[in-house]
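Presented below is the structure to which this report refers.
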Amino acid sequence: MADTAPEASTASVQRPRSLLESIAFGVETIKTRYEIREDTGFALDVFLPAATAVRARALQARGLGGGDTVDLKQAVRWVYIPLLEEALGTRCDPEGGLRVTLTCTDAAGEGAWLAERVRQQAGRLPKRKKVYGQRRHPKAPMVAAADMVASTRVIEELAALEDAAFLALCPPAAASLAPPAAAVGLTLSATRTPFFLGGRYTKLRRGIPQSPWFIDGERRGDGSVEERLAETLLPALRCASATFSSAGREDVDVRMLGAGRPWALECLDCGAAPPEPAACRALEQDVNARQAGAIGITGLRVLSRAEVAAMRVEDGDKQKSYVAVCWAPQPLTEAQLALLRSTENLMLQQQTPIRVLHRRANLVRPRTIMQMEAEALPGTSCFLLGLRTQEGTYIKEFVHGDLGRTKPSLGDLLGLPAVTILYLDVIDIHMQF
Numbered sequence: 001m002a003d004t005a006p007e008a009s010t011a012s013v014q015r016p017r018s019l020l021e022s023i024a025f026g027v028e029t030i031k032t033r034y035e036i037r038e039d040t041g042f043a044l045d046v047f048l049p050a051a052t053a054v055r056a057r058a059l060q061a062r063g064l065g066g067g068d069t070v071d072l073k074q075a076v077r078w079v080y081i082p083l084l085e086e087a088l089g090t091r092c093d094p095e096g097g098l099r100v101t102l103t104c105t106d107a108a109g110e111g112a113w114l115a116e117r118v119r120q121q122a123g124r125l126p127k128r129k130k131v132y133g134q135r136r137h138p139k140a141p142m143v144a145a146a147d148m149v150a151s152t153r154v155i156e157e158l159a160a161l162e163d164a165a166f167l168a169l170c171p172p173a174a175a176s177l178a179p180p181a182a183a184v185g186l187t188l189s190a191t192r193t194p195f196f197l198g199g200r201y202t203k204l205r206r207g208i209p210q211s212p213w214f215i216d217g218e219r220r221g222d223g224s225v226e227e228r229l230a231e232t233l234l235p236a237l238r239c240a241s242a243t244f245s246s247a248g249r250e251d252v253d254v255r256m257l258g259a260g261r262p263w264a265l266e267c268l269d270c271g272a273a274p275p276e277p278a279a280c281r282a283l284e285q286d287v288n289a290r291q292a293g294a295i296g297i298t299g300l301r302v303l304s305r306a307e308v309a310a311m312r313v314e315d316g317d318k319q320k321s322y323v324a325v326c327w328a329p330q331p332l333t334e335a336q337l338a339l340l341r342s343t344e345n346l347m348l349q350q351q352t353p354i355r356v357l358h359r360r361a362n363l364v365r366p367r368t369i370m371q372m373e374a375e376a377l378p379g380t381s382c383f384l385l386g387l388r389t390q391e392g393t394y395i396k397e398f399v400h401g402d403l404g405r406t407k408p409s410l411g412d413l414l415g416l417p418a419v420t421i422l423y424l425d426v427i428d429i430h431m432q433f
C-alpha cells in the first residue's frame, strides 16, 4: 500500500467538472426521494465492474502488478466521498442512516467473457438439498454479463487461470493494457437503512384484531391494530412498507388496557429520516386523534435493535395481568371468593387449546398463575376475576377448562361443574420497555 492518502472528507484536490456531472442526476434523485439531515450521515458502497478485475489480472500477467498500489475501490471512494458530502450536505459515516451505492458499469464489455465461466463454475457446485420438494435456499437469478461486478468469485476464477490461458481468453484491449473502447458508466442510488418506531398501544374496544385477519379469503374484524397504526405512520414517514411486531398478542374479542402492549414497526426504505422526539410526539397525537375510541398509543419513539429484540423474547419470564367477567351456575360464596384470593403460584398443565389446534402443536405446557383477586357482582351469579400470570397462559381455557385440557381449571378449584368467561381484558404487560 502506498503512503496513506488524505481522508476523503477533507481532500481539497480540484476535480474535473465531469465528475460532478457524472453523479448530478443521481444526487438530485436521492435528494428528491429522501430527507437528508446533517446529523444522519450516509454510508457509501462502491461496486466495480468485472472489467477492473480483468485489468488487474492483466497487469499481473504482464509482470506489472508488483510494488505499492492503492486499492481501486478505495481510490474511487476518495474521489467521490467529498463530492457527495458537498452535494448531499451531510458527512460520510459507515453507520449513516442513508446507504448510497455508486455502481460502475462496464460499457466496453471487457468482463462479459467471464459470465459463462462463472455460470459453469456455479454448475459444478454440489446440488443444494431440497425440503418438501423445494430448494432450502431459492436459486439466485444469473447476473447479466454487462452487470457483473468484481466479486470474490470473479477474482478467484481469474486467479485460477494460467497467464497464457488468461491472455488468450480476455479481450485484446485488456490483455495489451490498451485504453478501453468506452468509458465506465456510473449510476448512483440509495436506500434508507431500516429503523424501528414503537411504543405501547391500547385497544379500547373489542372486535379489533392485532394484525389483518382473513378466514377463507374473507376479512374478519374491524380493521387491525397494525393497519390502524400504519395508515398514519407510513404516509408521514414516506415509507413503502413496514413489518409489525409486539410483545405477544390479545384475541380479537379482548381489550388491551392499562399501560398498553409494547410494539414495534420496522420501517423499510423510508423517505423521511428517523423522526426526532418532537416529531414522534406529533405523530403520536395524530394517531390518537384519528383512532379515538379504537386504539391509542403512548411513548412513541425510535427504538434500538436491542430494545426490539428484548421485546420479542418469549422466555416465560414476563408476567401479564388480566381482569375477566365470569359466570358461575350459582353466586360464589365468601369462602369460594376467599379461596381464589388466597391462591398463589398455581401450577397449570395446559394442553394446546382446541381453538388453536389448527396452528399450534398439540403439547402440554406448564404455566403458572401467580395470584388472583375475586369480587362478586351483586344480584347476579357473575363475578370479577383478576389474575397475574406467566406469559403464554391461556386465560379463557383456565376459566372454562377446555373440555378437561387445562388442569386444574377454575371450576375444579371452586368445585363447580361449569364456569364461563364472558369478557376478558389485558390490563398490564409487566416488562421494562
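Residue numbers (UniProt numbering): 1 to 433.
Heads up, the beta-carbon is just placed ideally off N, CA and C, and yes, glycines get one too.
Under 8 Å between C-beta atoms of residue i and residue j
{"i": "residue 47", "j": "residue 104", "result": "yes"}
{"i": "residue 372", "j": "residue 319", "result": "no"}
{"i": "residue 229", "j": "residue 287", "result": "yes"}
{"i": "residue 101", "j": "residue 37", "result": "no"}
{"i": "residue 154", "j": "residue 56", "result": "no"}
{"i": "residue 327", "j": "residue 414", "result": "no"}
{"i": "residue 49", "j": "residue 96", "result": "no"}
{"i": "residue 289", "j": "residue 267", "result": "no"}
{"i": "residue 482", "j": "residue 257", "result": "In this structure the chain extends from 1 to 433, so residue 482 is not present and cannot be described."}
{"i": "residue 377", "j": "residue 385", "result": "no"}
{"i": "residue 444", "j": "residue 20", "result": "The chain is shown from 1 up to 433; residue 444 falls before or after that span and cannot be answered."}
{"i": "residue 186", "j": "residue 427", "result": "no"}
{"i": "residue 311", "j": "residue 433", "result": "yes"}
{"i": "residue 398", "j": "residue 410", "result": "yes"}
{"i": "residue 308", "j": "residue 382", "result": "no"}
Identity of the residue in the options nearest residue i by Cα
{"i": "residue 177", "options": "59, 292, 260", "result": "59"}
{"i": "residue 39", "options": "80, 172, 280, 273", "result": "273"}
{"i": "residue 408", "options": "343, 251, 386", "result": "343"}
{"i": "residue 199", "options": "285, 61, 240, 98", "result": "285"}
{"i": "residue 43", "options": "51, 85, 22, 32", "result": "85"}
{"i": "residue 365", "options": "379, 355, 350", "result": "350"}
{"i": "residue 62", "options": "380, 150, 174, 339", "result": "174"}
{"i": "residue 30", "options": "271, 171, 217, 221", "result": "271"}
{"i": "residue 403", "options": "355, 88, 375, 379", "result": "355"}
{"i": "residue 158", "options": "419, 51, 32", "result": "51"}
{"i": "residue 45", "options": "76, 35, 34", "result": "76"}
{"i": "residue 117", "options": "169, 429, 363", "result": "169"}
{"i": "residue 172", "options": "109, 379, 74, 79", "result": "109"}
Counterpart residues of residue i in DSSP-defined beta bridges
{"i": "residue 188", "result": "102"}
{"i": "residue 58", "result": "None, per the DSSP bridge assignment."}
{"i": "residue 36", "result": "Answer by DSSP bridge pairing: none, since residue 36 is not bridged."}
{"i": "residue 266", "result": "196, 243"}
{"i": "residue 296", "result": "202"}
{"i": "residue 256", "result": "203, 426"}
{"i": "residue 382", "result": "327"}
Whole-number beta carbon distance between residue j and residue i, since they are thought to touch under 8 Å
{"i": "residue 298", "j": "residue 260", "result": "6 Å"}
{"i": "residue 191", "j": "residue 93", "result": "In fact, because the Cβ distance is near 15 Å, the residues do not count as touching under 8 Å."}
{"i": "residue 301", "j": "residue 277", "result": "7 Å"}
{"i": "residue 283", "j": "residue 236", "result": "6 Å"}
{"i": "residue 26", "j": "residue 189", "result": "7 Å"}
{"i": "residue 204", "j": "residue 293", "result": "6 Å"}
{"i": "residue 368", "j": "residue 361", "result": "With 8 Å as the limit, residue 368 and residue 361 do not qualify as a contact, their Cβ atoms being about 21 Å apart."}
{"i": "residue 207", "j": "residue 251", "result": "That belief does not hold up - the Cβ atoms of residue 207 and residue 251 are roughly 11 Å apart, past 8 Å."}
{"i": "residue 246", "j": "residue 291", "result": "Their Cβ separation, rounded to whole angstroms, is 16 Å, which puts residue 246 and residue 291 out of contact at 8 Å."}
{"i": "residue 363", "j": "residue 322", "result": "The Cβ separation is near 22 Å, so there is no contact."}
8 Å Cβ cutoff, residue i in contact with chain C
{"i": "residue 395", "result": "Protein chain content of the structure displayed is limited to a single chain, and chain C is not contained in it."}
Touching or not, the region 244-263 and the region 155-163, by the rule of three or more beta carbon pairs under 8 Å? no
So does the region 391-406 actually touch the region 331-341, counting three or more Cβ pairs closer than 8 Å? no
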